[in-house]
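Read the structure below first, then the notes.
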Amino acid sequence: MTPTLPPQKSFGLSFEFFPPRSADMEGQLWDAVLDLGAWNPDFVSVTYGAGGSTKAPTLSVVRRLIRETALPTAAHLTCVDASREETRSVVEEFRAAGVRRIVALRGDPASGVGTEYRPHADGYANAAELVAGLREIGNFDISVSAYPEKHPESADLAFDIEMLKRKADAGAARALTQFFFDNDVYERYLDKVRAAGIDMPIVPGIMPIQNLTQLKRFAGRCGASVPTFLDRRFEGYEENPADRAKVAADVAAEQIDDLLNRGVTDFHIYTMNRSGLINQVLEQLGRARRAQADAAA
Ligand code: FAD
323 MTPTLPPQKS FGLSFEFFPP RSADMEGQLW DAVLDLGAWN PDFVSVTYGA GGSTKAPTLS
383 VVRRLIRETA LPTAAHLTCV DASREETRSV VEEFRAAGVR RIVALRGDPA SGVGTEYRPH
443 ADGYANAAEL VAGLREIGNF DISVSAYPEK HPESADLAFD IEMLKRKADA GAARALTQFF
503 FDNDVYERYL DKVRAAGIDM PIVPGIMPIQ NLTQLKRFAG RCGASVPTFL DRRFEGYEEN
563 PADRAKVAAD VAAEQIDDLL NRGVTDFHIY TMNRSGLINQ VLEQLGRARR AQADAAA
């Protein structure tokens, strides 16, 4: 499917994908990449290491993106469970593949989210150290994570923001946030981030809801809250995929529209390797923005 509206936009977009774990998922990923590429994203990114895997699946997707598409491509990289030498050799492989953009992350222990994190004895202790290490290795465009509702391991938001400042000071160009659904939470977070002297863009992570029940399970592990208004929006539509997708598209389009009205200019979209819902979101958003422009004219 290609977007039915022209892929014109007045805001920045990036799309996050993950390496496929089966042949079916592989087809789905590349269909999604082709479809969503029509929206002219500023970059696409490929996650790293989740579920105990390491560099190979990420490297393989990133290589193909660089070889076969014109999409600016960022590789995610985690430093958990790796020595500095091991991390450096992954970075060299990324660089040899043509990677110039990295999303630099600490990551979670392979034993799972919630397991106590212990830095590798010879490794980078956190993402701020990784960013500093990357700056020594090469001239990469570096994105990092940010958590408007605080990282689950962090004692409080102030400490989280201190960690974000360390990442900015180490040379990160922007932060991509964990997904959230309450724009007031993001705005309050942004105020605190700016008050802490952090100037880099804090790009909201938008998660169009493919499945509310699954999202709640996942969000609980990430420390992201799922407001009750979403239960009300989806009520009665659970069994009908088309209606559910319409609600999901409306919810995400309204969220982006509201953020645009608050002055946000860039969005990082968690695609879950599916283009259908994302196309619906962006088309719905285009209709809403045009209607607003017509009403104001
Ligand atoms: P950091 O920025 O280093 O730290 C996050 C928080 O943990 C800090 O703010 C602080 O509160 C606490 N903390 C860190 N170090 C210390 C310390 N020394 N003492 C006390 N508290 C500390 N995971 C993957 O496995 N692969 C991916 O590709 C991936 N992509 C992601 C993309 C985005 C946009 C986001 C938001 C997250 C992603 N994650 C990914 C998840 C991420 O790896 C986890 O959230 C992980 O737990 C923290 O990594 P980080 O880079 O945010 O850590």
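Using the numbering used here, the first residue of the sequence shown is number 323, and each one after it goes up by one. Just so it is clear, CB atoms sit at the ideal spot from N, CA and C, and this is done for glycine as well. Predicted model only: the values in this text are computed from it and were never measured.
What is the DSSP secondary structure of residue i, counted as helix, strand or coil?
{"i": "Leu399", "result": "strand"}
{"i": "Gln350", "result": "helix"}
{"i": "Phe462", "result": "coil"}
{"i": "Ile531", "result": "coil"}
{"i": "Glu561", "result": "coil"}
{"i": "Ile524", "result": "strand"}
{"i": "Thr369", "result": "coil"}
{"i": "Tyr592", "result": "strand"}
{"i": "Glu338", "result": "strand"}
{"i": "Ala618", "result": "helix"}
{"i": "Ala443", "result": "coil"}
{"i": "Thr326", "result": "In this prediction, Thr326 scores a pLDDT of 47, lower than 50, which makes its location untrustworthy; the coordinate-derived value is nonetheless stated afterwards. Residue state, collapsed to three classes: coil."}
{"i": "Val355", "result": "helix"}
{"i": "Leu393", "result": "coil"}
{"i": "Asp513", "result": "helix"}
{"i": "Asp478", "result": "coil"}
{"i": "Asp364", "result": "coil"}
{"i": "Val569", "result": "helix"}
{"i": "Glu415", "result": "helix"}
{"i": "Asn448", "result": "coil"}
{"i": "Arg554", "result": "helix"}
{"i": "Ser382", "result": "helix"}
{"i": "Ser491", "result": "Just to set this straight, residue 491 is Asp in the shown sequence, not Ser. Reduced to three states, the DSSP call for Asp491 is helix."}
What is the C-beta distance between residue i and residue j, in whole angstroms, given that I count them as a contact (C-beta under 8 angstroms)?
{"i": "Thr499", "j": "Pro526", "result": "5 angstroms"}
{"i": "Asp579", "j": "Leu607", "result": "6 angstroms"}
{"i": "Val384", "j": "Ala397", "result": "5 angstroms"}
{"i": "Val368", "j": "Pro341", "result": "6 angstroms"}
Can you tell me the Cα-Cα spacing of residue i and residue j, whole angstroms?
{"i": "Glu414", "j": "Val603", "result": "37 angstroms"}
{"i": "Phe540", "j": "Val548", "result": "10 angstroms"}
{"i": "Ala360", "j": "Thr376", "result": "30 angstroms"}
{"i": "Phe599", "j": "Asp572", "result": "Strictly speaking, residue 599 in this sequence is Leu, with Phe absent from that position. Straight-line Cα distance between these residues: approximately 10 angstroms."}
{"i": "Trp352", "j": "Glu471", "result": "32 angstroms"}
{"i": "Ala546", "j": "Arg428", "result": "18 angstroms"}
{"i": "Asn562", "j": "Ser597", "result": "19 angstroms"}
{"i": "Cys401", "j": "Asn448", "result": "8 angstroms"}
{"i": "Arg417", "j": "Phe462", "result": "9 angstroms"}
{"i": "Gln536", "j": "Glu451", "result": "33 angstroms"}
{"i": "Phe333", "j": "Gly558", "result": "33 angstroms"}
{"i": "Ser467", "j": "Ala354", "result": "24 angstroms"}
{"i": "Ala610", "j": "Asn583", "result": "12 angstroms"}
{"i": "Phe339", "j": "Ala619", "result": "38 angstroms"}
{"i": "Cys544", "j": "Tyr469", "result": "9 angstroms"}
{"i": "Arg554", "j": "Ile528", "result": "20 angstroms"}
{"i": "Leu399", "j": "Ile424", "result": "7 angstroms"}
{"i": "Leu486", "j": "Ser433", "result": "25 angstroms"}
{"i": "Phe337", "j": "Glu484", "result": "27 angstroms"}
{"i": "Gly420", "j": "Ile388", "result": "7 angstroms"}
{"i": "Arg510", "j": "Ala480", "result": "12 angstroms"}
{"i": "Ala497", "j": "Leu356", "result": "26 angstroms"}
{"i": "Thr380", "j": "Gly445", "result": "20 angstroms"}
{"i": "Glu560", "j": "Phe503", "result": "19 angstroms"}
{"i": "Ala574", "j": "Pro530", "result": "5 angstroms"}
{"i": "Ser344", "j": "Tyr439", "result": "29 angstroms"}
{"i": "Met594", "j": "Asp616", "result": "33 angstroms"}
{"i": "Val507", "j": "Asp478", "result": "15 angstroms"}
Compute every distance between the C-beta of residue i and the non-hydrogen atoms of ligand 1, then say whether any falls below 6 angstroms.
{"i": "Ile485", "result": "Checking the displayed sequence, the identity of residue 485 turns out to be Met instead of Ile. Yes, Cβ of Met485 sits closer than 6 angstroms to a heavy atom of ligand 1."}
{"i": "Thr400", "result": "yes"}
{"i": "Ala480", "result": "no"}
{"i": "Ala490", "result": "no"}
{"i": "His293", "result": "Because residue 293 is not part of the residues shown, which for the chain are 323 to 619, the question remains open."}
{"i": "Tyr370", "result": "yes"}
{"i": "Asn448", "result": "yes"}
{"i": "Asp506", "result": "no"}
{"i": "Leu335", "result": "no"}
{"i": "Ser467", "result": "yes"}
{"i": "Asp430", "result": "yes"}
{"i": "Ser476", "result": "yes"}
{"i": "Leu498", "result": "yes"}
{"i": "Leu427", "result": "yes"}
By DSSP's criteria, residue i is part of a beta bridge. Which residues make up the other side?
{"i": "His473", "result": "For His473, which the question treats as bridged, DSSP gives no partner whatsoever."}
{"i": "Ser467", "result": "Leu498"}
{"i": "Ile483", "result": "Looking at the DSSP assignment, Ile483 forms no beta bridge with any residue, so it has no partner."}
{"i": "Ala426", "result": "Leu399"}
Taking only beta-carbon atoms, is residue i less than 7 angstroms away from chain C?
{"i": "Ala360", "result": "Considering every chain present, this structure includes no chain C. It has just one protein chain."}
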